[in-house]
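Down below is the structure, laid out as structure tokens.
The structure is reproduced here in structure tokens:
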């Protein structure tokens, strides 16, 4: 007997399902949906990586999670400069992501979200073993990180040089002061010093009044 076929349900990528559920169930202090439901915000990336990612994925790497979002076409939203200047540190550290088809109140739209062409299926949440496009993205991320590290090292190098100079200056002044105090102590302890003897640290002052 022939049974009528029913249209199959749209397949939603497991990564998207887990991300949707994770954002919905995250503590408000860590992550959540924007007021309009059209984007989601990770308020505390460190806590998010430590407490939330391991519950849904087999890793706790926030950078890998972000790369996966990029592969599915999510965009990190930009804020107005004025707003950033008025924000507190915790808000400045937050990450907000948007996708036209990823909406809090329209979960059915997720079925239309596809990975970028040319990318192979990979481990859940970002254990990526991607093809060329994924490798290019990862390489670009690494180059950016290396650039940041180099800039930080250069800054630290300048700071270290300034600190070394300061230490040398302090040591020089300390030695000079100790020598003066020693000579003054000798003068007080031995008042029978020859006439005209002046401690080294007081010579310049003596000449000024001559």
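Residue numbers (my numbering): 227 to 436. The beta-carbon is built from N, C-alpha and C at its ideal position, and this holds for glycine as well.
The straight-line gap separating the alpha-carbon atoms of residue 286 and residue 397 is approximately 47 Å. Under the three-state reduction of DSSP output, residue 325 falls in the coil class, being neither helix nor strand.
Taking 8 Å as the cut-off, the Cβ atoms of residue 393 and residue 320 do not count as close. With respect to the C-alpha of residue 271, the residue from 260, 292, 259 and 283 having the closest C-alpha is 292. Distance between residue 335 and residue 261, taken at the CA atoms: about 18 Å.
Shown here for residue 303: same chain residues with a beta carbon closer than 8 Å to its own, the five before and five after excluded, namely 265, 322, 323 and 324 in chain order. Note on the segment 247 to 310: whole beta strand (DSSP E) runs with a minimum of 3 residues are 257 to 259 and 265 to 268, in chain order. Between residue 298 and residue 339, the gap from beta carbon to beta carbon is short of 8 Å. The residue among 331, 294, 280 and 288 with its C-alpha nearest the C-alpha of residue 263 is 331. Apart from the 5 residues on each side of it in sequence, residue 300 sits with its Cβ closer than 8 Å to the Cβ of 323, 324, 325 and 328 in its chain, given in chain order.
By the Cβ neighbour-count rule, residue 376 is exposed, with fewer than 16 other Cβ atoms within 10 Å of its own.
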